[in-house]
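S.K.: Chains as they are written, first to last, in the numbering used here: chain A, 15 to 94; chain B, 15 to 94. Have a look at this one.
Take a look at the structure:
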């Protein structure tokens, strides 16, 4: 059975590098990976924060948030 | 052909959580993942720094470093 992995980003360079190398490196047999760009889906910001996401890019695996490098804070995302 | 992925950590709680959820989530068909604990392999610190690793836990994928959350700086690792 697949676990859910959600990669949240905001389109910044740090985010895109992490998306290309890391989010897409997950095992597709074990993870259903969804890519969420807040520029396209601002309504998902609240959901990301509910998982504890404080900055982007971030990868939430089975509900657990991992912040990868640092592109922008969620405060900056909300202000943009 | 597999790419090389190296997960560097120092045994801290933040590191172990990232190892369990993230390092082991990579696609084994595409990545040969090595786990390096500096407590066991202090000689690998120089190698990690050569990839640009500044803190642990960190995942280096095909030579590109990704810092995941924040467990300890490399300065702290070297001092411990």
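Idealized CB from N, CA, C, for every residue including glycine. As the structure is a computational prediction, the values presented were derived from the model and not from experiment.
Should residue 79(A) go down as buried or exposed, given a rule of 16 or more other Cβ atoms within 10 Å for buried?
M.R.: Classification for residue 79(A): buried.
S.K.: Tell me the DSSP secondary structure of residue 74(B) in three-state form.
M.R.: Reduced to three states, the DSSP call for residue 74(B) is strand.
S.K.: Relative to chain A, which residues along the stretch 75-92 of chain B have a C-beta separation below 9 Å, given in chain order?
M.R.: Those would be 75, 76, 78, 79, 80, 81, 82, 83, 84, in chain order.
S.K.: Within the same chain, show all residues whose beta-carbon is closer than 8 Å to that of residue 33(B), passing over the 5 residues directly before and after it, in chain order.
M.R.: Once the five neighbours on either side are set aside, the close Cβ partners of residue 33(B) are 21, 23, 49, 71.
S.K.: Can a CB atom of chain A be found closer than 7 Å to the CB of residue 35(B)?
M.R.: Taking Cβ atoms only, chain A reaches closer than 7 Å to residue 35(B), which makes this a yes.
S.K.: Say whether the stretch 63-77 of chain B touches the stretch 85-94 of chain B, bearing in mind that this needs 3 or more beta-carbon pairs closer than 8 Å, one atom from each stretch.
M.R.: The stretch 63-77 of chain B, when compared against the stretch 85-94 of chain B, does touch it at the 8 Å Cβ threshold.
S.K.: I want to verify the contact list: residues of chain A whose CB lies under 7 Å from the CB of residue 32(B), in sequence order.
M.R.: Result: 80.
S.K.: At the level of alpha carbons, what is the spacing between residue 62(B) and residue 38(B)?
M.R.: Approximately 19 Å between the Cα atoms of the pair.
S.K.: Just list the alpha helix (DSSP H) runs in the stretch 25-92 of chain A, keeping only unbroken ones of 4 residues or longer that don't cross its boundaries, in chain order.
M.R.: The qualifying runs are 27-35, 59-64.
S.K.: Taking the C-alpha atoms as reference points, what is the distance between residue 52(A) and residue 73(A)?
M.R.: C-alpha separation (whole angstroms): 13 Å.
S.K.: Go ahead and pull the three-state DSSP assignment for residue 16(B).
M.R.: Coil, per DSSP.
S.K.: Name the chain B residues that come within less than 7 Å of residue 65(A), Cβ to Cβ?
M.R.: The contacting residues do not exist; residue 65(A) stays about 13 Å from chain B at best.
S.K.: Using alpha carbons as the reference points, say which of 45(A), 54(A), 43(A), 60(A) lies closest to residue 25(A).
M.R.: Considering only alpha carbons, the answer is 54(A).
S.K.: Check this for me: beta carbons of residue 76(A) and residue 47(A), under 7 Å apart or not?
M.R.: Result no, Cβ atoms of residue 76(A) and residue 47(A) do not sit closer than 7 Å.
S.K.: From this set, 83(B), 56(B), 64(B), which residue's C-alpha is nearest residue 93(B)'s C-alpha?
M.R.: Here the closest residue by C-alpha is 56(B).
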